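Visitor: In order, the protein sequences belong to chains A and B.
Numbering of the first sequence is given in the working numbering, commencing with residue 685 and proceeding in unit increments.
Numbering of the second sequence is given in the working numbering, commencing with residue 6 and proceeding in unit increments.
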Amino acid sequence: MIIKKPSIFIYTNEADHAALKEICAGIEEEGVFFELQEMEKSSLEDLAWNAANDSMLGSGIGVKGDHIALQMRGLDKGSNVQGYQNPTREQCRKLGANSARAIKKLSFK
Amino acid sequence: MTYIAGVDIGNSTTEVCIGEADLNGGIHFLSSSSCSTTGTKGTLSNTHGIKTALKQAMSKIDLDMEDLSLIRLNEAAPVIGDTAMETLTETIITDSSMIGHNPSTPAGAGQAVGEILLIDNLSRGVLGTAYIVAASDSFSYEEVAALLNQSADSLDIAGVILQADEAVLVENRLHKKVPIIDEVARIDKLPDGVPAAIEVALPGQTIRMLSNPYGIATLLHLNAEETRTVTPIAKSLIGKRSAVVLKTPGGNVRENVLPAGEIYLDGENSTSINLDEGAEKIMQVVSAVGNIRDISGQSGTNVGNMFSRIKKGMSEVDNIPDSDIHITDILAVDTLAPVLISGALAGETCLEKAVGIAAMVKTQQLPMQKIAESLRSELHTDVKVAGVEAVMASLGALTTPGTRLPLAILDMGGGSTDAAVISEEGKVIMTHQAGAGELVSMLIETELGLSDRHMAEQIKKYPLAKVESLFHMRMENGQMTFVDQSIDPRFYGRVVLLTDEGFIRIEEEIPMEKIVQVRQEAKRKVFVTNAFRALQKVAPDHDLKNISNVVLVGGSAEDFEIPEMLMEEFSNYRIVCGRGNIRGQEGPRNSVATGLVLSYAGEIQ
């Protein structure tokens, strides 16, 4: 049996490091685990949608360059819960926190 | 054909009913409409709203306003409702002696004692003294963790207070775990070098040491006298997930009782009562006074200011000198208002005692005749001021299927609750009581600490639901609803109002149960109290048992729960009580307008 920690998946493609770090900090502050994975060339929508569907928790984030998006399982591809182009640090932190708050069934920041 | 319009100008809505009179004096109802009243009831600015409503109603039957041969206005009672709120207590923190709040993610658990040391001054710390380190948000979580780890061997760091929301991030990077409190907004107010105790509760629990006076005494080594002075601090920290208590010599939390003042009632048996006595006592005195000529407050006190504010507001709209405005009835309601504690460091609030008052203001006769004249010249139609409002409302209410004389009506509007009883001989007794929908909105606004009245009005009108996932929500009655299309993420995890046009999000983080409780309590406090008060006044021999039928009309009778509340209460008196259904189709609205058209038939016969 393969035992994995329940975690939020973050699929990246040539991610902006500063943005990615803030997203991770946002999730960590909420006390939820996350896993990072660099993916082959694909669109932001695909990254986020796949991450959400692969995650046991049903919450995923896509980061492509300086574009970020939050997706949840059950939503259509492309209809991201939240997304930014060239986000500020604050926005990255909140998007990360929200991916965790979605699982905890808390309202978004 | 003769087309007749009945127009009812209310405190908040203007209602119109269009009827057609045939040659034999029979009336056929054709259409109706309503829109918000423009300006204060009974002033010239009402004409704008009247025209809008008339146009609406006439266009429904493909006719123009010019086709009307008669417009009948209500002889509005010269009473207008107003509301005011006054807090009776205030809580003040002196010398920044405590922080107690519920950050969503504090870190670590347990309590710690030490001197406050700002992180900039970390190098000044000496070995052998325990420290609580305070860091502003100009330091990132990595910097804070690095600095603390560096000094871990040379300093005894017992706990950390952060300004940013980064407690877990810092804790995960510390080699030596300590309790960490975050989201302390006014960290700059923390005094350097003062002994302090901090506590973070275990997950799922609330703090236990700092919410106990002896716990504070143990941690900060207080003597018996000092322990006594920290008792209010302990009390105000009950139920928090994290807290900081500082040992400042003059520091304290004080509850001040504000000088509330006396209410003077001028009537058959003139008397006075102090606002401190509470709503129940005040209402007893109000009913004992009998017919009230005027009510005023002790000048220079809160209640005095409150009453003069109401009178002043009225005189400004009506251009009537203050002395001609009389408050003829009040409804006082006890309430609790969450007020920001002055001197607090993290935006803590405290529930303060308050009294909400609705007042019935009697002015001179309202200039209805002037409104009629201006309508006449603008529309070139005959306009008549016809009939007393309560009589018209009763006439309209009688069109509800299943009613007969004698009948009592309870007209619950925005500003006032009016009651009338018509006997079998057609004799009408009526009364106007202060307090209705607007007071309910005000109570909801203050008790929930909402930022605007509009939101409170929405909460009053619509049921609630909590969006629990993107595909389902739980209604306030526990029922679950699933949806096909995912719910907008903006509503995720939120409490929303279910309106006809979709959801409205409630910004404040208040549990749904609490909102429901406050809403129902506010409605009960105002409408149940007032219904009894009003009906007792008009009932034969002032005994409710002499009333057999009550029809609820007016805007607040449309509410989704008020009629049920009243039905329950009245069933104890064997009274048939229910929401009116004017002409069998309008619901509880439009009774006065309908009555105005009906009374025309009576006149030509």
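Note that beta-carbon positions come from the ideal geometry of N, C-alpha and C, so glycine has one too.
Just so you know, these numbers come straight off a predicted model, no measurement behind them.
(1) Is the region 188–203 of chain B in contact with the region 248–257 of chain B, if contact means three or more CB pairs nearer than 8 Å?
(2) One question on the structure: do Gln-438 (chain B) and Met-319 (chain B) come within less than 8 Å of each other, judged by their Cβ atoms?
(3) At 7 Å on the CB atoms, spell out the chain A contacts of Asp-13 (chain B), in chain order.
(4) How would you call Glu-729 (chain A), buried or exposed, if buried means at least 16 neighbouring beta carbons within 10 angstroms?
(5) Could you tell me how far apart the beta carbons of Lys-375 (chain B) and Leu-49 (chain B) are, in whole angstroms, since I believe they sit closer than 8 Å?
(6) Considering Asp-730 (chain A), what are the terminal residues of the alpha helix (DSSP H) in which it resides?
(7) From the beta carbon of Gln-766 (chain A), is the nearest beta carbon of chain B less than 8 Å away?
(8) Does the beta carbon of Ser-783 (chain A) come closer than 8 Å to any beta carbon on chain B?
(9) Taking Cβ-Cβ distances below 7 Å as the criterion, which residues of the region 475–491 of chain B are in contact with chain A?
(10) Taking the alpha-carbon positions, what's the Gln-522 (chain B) to Gln-590 (chain B) distance?
(11) Identify which residue in B:Leu-345, B:Leu-336, B:Arg-314 has its Cα closest to the Cα of Ile-330 (chain B).
(12) With a threshold of 8 Å between beta carbons, is Pro-494 (chain B) in contact with chain A?
(13) List, in order along the chain, the chain A residues whose C-beta lies closer than 7 Å to that of Tyr-605 (chain B)?
(14) Could you say which of A:Ala-753, A:Cys-708, A:Lys-688 lies nearest to Val-173 (chain B) if we only look at CA atoms?
(15) For the 8 Å Cβ check, are there 3 or more pairs between the region 460–475 of chain B and the region 443–452 of chain B?
(16) For Thr-436 (chain B), which residues in the same chain have their Cβ closer than 8 Å to its Cβ, ignoring the five residues on either side in sequence?
(17) Hey, would you say Glu-357 (chain B) sits closer than 8 Å to Val-338 (chain B), going by beta carbons?
(18) For the region 150–175 of chain B, enumerate the residues whose C-beta is nearer than 7 Å to any C-beta of chain A, in chain order.
(19) Name the DSSP beta bridge partners of Ile-268 (chain B), please?
(20) Using a Cβ-Cβ distance under 8 Å, would Ala-709 (chain A) count as near chain B?
(21) Assuming contact is defined by CB atoms lying nearer than 8 Å, are Ile-212 (chain B) and Ile-238 (chain B) in contact in what I supplied?
(22) Whose C-alpha, out of B:Ile-287, B:Val-396, B:Ser-292, is nearest the C-alpha of Gly-431 (chain B)?
(23) Whole-angstrom Cβ separation of Ile-745 (chain A) and Ala-703 (chain A), contact assumed at under 8 Å?
(24) What are the residues that DSSP puts in a beta bridge with Ile-335 (chain B)?
(25) Using a Cβ-Cβ cut-off of 6 Å (strictly less than) and excluding sequence neighbours within five positions of Cys-776 (chain A), which residues of its own chain qualify?
(26) Excluding the 5 residues preceding and the 5 following Ile-362 (chain B) in the sequence, name in chain order all residues of the same chain whose CB lies nearer than 6 Å to its CB.
(27) Between Ser-691 (chain A) and chain B, is the shortest Cβ-Cβ distance under 8 Å, so that the two count as touching?
(28) For Glu-473 (chain B), go through chain A and note every residue whose CB falls closer than 8 Å to its CB, in chain order.
(29) So the candidates are B:Ser-17, B:Ala-413, B:Pro-108, B:Gly-420; which of them puts its Cα closest to the Cα of Ser-247 (chain B)?
(30) Asn-261 (chain B) bridges to which residues according to DSSP?
(31) Return the chain-ordered list of same chain residues with a C-beta closer than 8 Å to the C-beta of Glu-378 (chain B), the five sequence neighbours on each side being excluded.
(32) Could you tell me the distance, in whole angstroms, from the CA atom of Ser-216 (chain B) to the CA atom of Val-500 (chain B)?
(33) Could you tell me whether the region 68–78 of chain B touches the region 157–175 of chain B, using the rule of 3 or more Cβ pairs below 8 Å?
(34) If you check the beta carbons only, do Ala-598 (chain B) and Ser-37 (chain B) fall under 8 Å apart?
(35) Starting from Thr-110 (chain B), find everything on chain A with Cβ-Cβ shorter than 8 Å and list it in chain order.
(36) Buried or exposed: Leu-779 (chain A), going by 16 or more other Cβ atoms within 10 Å of its Cβ?
Guide: On the basis of the data shown:
(1) Yes, the region 188–203 of chain B is in contact with the region 248–257 of chain B.
(2) If you number the second sequence from 1, residue 438 (chain B) lands on position 433. If you number the second sequence from 1, residue 319 (chain B) lands on position 314. The criterion of a C-beta distance shorter than 8 Å is not satisfied by Gln-438 (chain B) and Met-319 (chain B).
(3) Within the second sequence, numbered from 1, the residue matching residue 13 (chain B) stands at position 8. In chain order: nothing, as chain A lies at least about 43 Å away.
(4) As a first step, residue 729 (chain A) must be located in the first sequence, where it is residue number 45. By the neighbour-count rule (16 or more Cβ atoms within 10 Å), Glu-729 (chain A) is buried.
(5) Your numbering for residue 375 (chain B) matches position 370 in the second sequence. Your numbering for residue 49 (chain B) matches position 44 in the second sequence. The Cβ separation is near 6 Å, so the contact holds.
(6) Residue numbering aside, residue 730 (chain A) sits at position 46 when the first sequence is read from its first letter. 728–738 is the extent of the alpha helix (DSSP H) around Asp-730 (chain A).
(7) Taking the first sequence and counting its residues from 1, one reaches residue 766 (chain A) at position 82. It does: the Cβ of Gln-766 (chain A) has a partner Cβ on chain B nearer than 8 Å.
(8) Translated into the one-based positions of the first sequence, residue 783 (chain A) becomes position 99. No - not a single Cβ of chain B is within 8 Å of the one on Ser-783 (chain A).
(9) Leu-475, Phe-476, Ser-491
(10) Sequence index remark: in the second sequence, residue 522 (chain B) carries index 517 (1-based). Sequence index remark: in the second sequence, residue 590 (chain B) carries index 585 (1-based). If you take the alpha carbons of Gln-522 (chain B) and Gln-590 (chain B), they lie about 32 Å apart.
(11) Within the second sequence, the letter at position 325 stands for residue 330 (chain B). The residue with the shortest Cα to Cα distance from Ile-330 (chain B) is B:Arg-314.
(12) For the purposes of this step, residue 494 (chain B) is taken as the residue at position 489 of the second sequence. Pro-494 (chain B) counts as touching chain A.
(13) Counting from one through the second sequence, the residue named residue 605 (chain B) turns up at place 600. Ordered by position in chain A, no residue passes the 7 Å Cβ test against Tyr-605 (chain B), which lies about 56 Å from the chain.
(14) Numbered from its first residue, the second sequence carries residue 173 (chain B) at position 168. Here the closest residue by C-alpha is A:Cys-708.
(15) yes
(16) Locating residue 436 (chain B) in the second sequence gives position 431, where the first residue counts as 1. The answer, listed in chain order, is Asp-423, Ala-424, Ala-425, Ala-539, Lys-542, Val-543.
(17) If you number the second sequence from 1, residue 357 (chain B) lands on position 352. If you number the second sequence from 1, residue 338 (chain B) lands on position 333. The answer is no: Cβ separation not under 8 Å.
(18) Asp-170, Glu-171, Val-173, Leu-174
(19) Indexing the second sequence from 1 puts residue 268 (chain B) at position 263. According to DSSP, which records beta bridges pairwise, Ile-268 (chain B) is partnered with B:Ile-278, B:Gly-302.
(20) Here residue 709 (chain A) is taken as the residue at index 25 of the first sequence, counted from 1. It does; some Cβ of chain B falls within 8 Å.
(21) Here residue 212 (chain B) corresponds to residue number 207 of the second sequence, with the count starting at 1. Here residue 238 (chain B) corresponds to residue number 233 of the second sequence, with the count starting at 1. Against a cut-off of 8 Å, the Cβ pair of Ile-238 (chain B) and Ile-212 (chain B) comes out as no contact.
(22) The sequence position of residue 431 (chain B) within the second sequence is 426, counting from 1. Out of B:Ile-287, B:Val-396, B:Ser-292, B:Val-396 has the C-alpha closest to the C-alpha of Gly-431 (chain B).
(23) Residue 745 (chain A) sits at position 61 when you count from the first residue of the first sequence. Residue 703 (chain A) sits at position 19 when you count from the first residue of the first sequence. Contact between Ile-745 (chain A) and Ala-703 (chain A) is ruled out by a C-beta separation of about 10 Å, above the 8 Å threshold.
(24) As a working mapping, residue 335 (chain B) is identified with position 330 in the second sequence. Ile-335 (chain B) is bridged to B:Ala-364.
(25) Taking the first sequence and counting its residues from 1, one reaches residue 776 (chain A) at position 92. Ala-703, Glu-706, Ile-707, listed in sequence order.
(26) Here residue 362 (chain B) refers to the residue found at position 357 when the second sequence is read from its first residue. Result list for Ile-362 (chain B): Ala-89, Ile-335, Ala-337, in chain order.
(27) Translated into positions along the first sequence, residue 691 (chain A) becomes position 7. Chain B contact via Cβ: absent.
(28) Your numbering for residue 473 (chain B) matches position 468 in the second sequence. In chain order: Lys-789.
(29) The residue you call residue 247 (chain B) lines up with position 242 of the second sequence. The shortest C-alpha separation from Ser-247 (chain B) is found at B:Pro-108.
(30) By one-based count along the second sequence, residue 261 (chain B) stands at place 256. According to DSSP, which records beta bridges pairwise, Asn-261 (chain B) is partnered with B:Glu-95.
(31) Within the second sequence, numbered from 1, the residue matching residue 378 (chain B) stands at position 373. Hits under 8 Å: Val-388.
(32) Indexing the second sequence from 1 puts residue 216 (chain B) at position 211. Indexing the second sequence from 1 puts residue 500 (chain B) at position 495. Cα-Cα distance, rounded: 30 Å.
(33) no
(34) In the second sequence, the residue the question calls residue 598 (chain B) occupies position 593. In the second sequence, the residue the question calls residue 37 (chain B) occupies position 32. Taking 8 Å as the Cβ cut-off, Ala-598 (chain B) and Ser-37 (chain B) qualify as a contacting pair.
(35) If you number the second sequence from 1, residue 110 (chain B) lands on position 105. Near Thr-110 (chain B) (Cβ distances below 8 Å), the residues of chain A are Glu-713, Glu-714, Gly-715.
(36) As a working mapping, residue 779 (chain A) is identified with position 95 in the first sequence. That one is buried.
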